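Undergrad:
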Amino acid sequence: MASHRARILVVDDEPRVCELLREFLTIQGYDVATAATGTEALDTVPIFQPDVILVDMRMPSLSGRDVLDAVRRRGFTMPVVLMSGDSARAGEGFFEVLQKPFDLSRTAQVVVAALAHARNSDD
3 MASHRARILV VDDEPRVCEL LREFLTIQGY DVATAATGTE ALDTVPIFQP DVILVDMRMP
63 SLSGRDVLDA VRRRGFTMPV VLMSGDSARA GEGFFEVLQK PFDLSRTAQV VVAALAHARN
123 SDD
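In the numbering used here, each residue carries its 1-based index in the sequence shown increased by 2.
(1) Going by other Cβ atoms of all chains shown within 10 Å of its Cβ, with 16 needed for buried, is V114 buried or exposed?
(2) Where are the beta strand (DSSP E) runs, 3 residues long or more, that stay fully inside the region 49-113, in chain order?
(3) Closer than 7 angstroms by C-beta to A4: which residues in its own chain qualify, once you throw out the five before and the five after it? Chain order, please.
(4) If we count Cβ pairs, one from each stretch, closer than 8 angstroms, do we get three or more for the region 23-35 versus the region 58-76?
(5) My assumption, with CB atoms under 8 angstroms, is that V83 sits in contact with F96. Please give the rounded CB distance.
(6) Quick one: give me the first and last residue of the alpha helix (DSSP H) that T28 is part of.
(7) Sort out for me which residues DSSP pairs T36 with in a bridge.
(8) Going by DSSP in three states, R121 sits in which element: helix, strand or coil?
(9) Which same chain residues, not among the five before or five after K102, have their C-beta less than 7 angstroms away from its C-beta?
(10) In whole angstroms, give me the CA-to-CA distance for T46 and E25.
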């Protein structure tokens with residue numbers, strides 16, 4: 003049985019951020035989907051079934067916190083990583099916080115740790 007490539011969902015209302023992370027994470031060997039809004043992310047989760055979600059805190063209509071809460075209410079348990087320029091905005095329930103502007107090596111480390119956490123949680 004072939005193992006699937008880990009799936010990462012990037013949620014950010016800034017197209018440049020989505021494209022940067024899509025390119026970087028694809029090069030790292032992941033399948034990557036992007037969503038420009040929290041609503042789009044919530045529509046994408048059951049279809050794409052990401053192993054990890056990277057979500058911006060500040061977006062129109064649904065914030066990163068709103069997305070996390072909605073994902074959990076729907077029974078999904080994958081790690082959700084907050085992307086924020088304001089570390090004080092980090093809250094309970096997020097696996098980790100990635101500070102903007104991004105350090106791509108740190109981003110890679112956090113994704114690997116989140117995937118390991120998800121795999122251990124599935125066992």
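Think of the CB as a built atom: it goes at the ideal place given N, C-alpha and C, for glycine as much as any other residue. Computed from a predicted model, the values in this text were never measured in an experiment.
TA: A quick look at the data gives this:
(1) exposed
(2) 54-58, 82-86, 98-101
(3) For A4, the predicted model reports a pLDDT of 44, less than 50, meaning its position is unreliable and no value from the coordinates is stated.
(4) no
(5) 7 angstroms
(6) 17-29
(7) V12
(8) If DSSP states are grouped into helix, strand and coil, R121 belongs with the helices.
(9) M85, S86, G87
(10) Between T46 and E25, the C-alpha separation is close to 19 angstroms.
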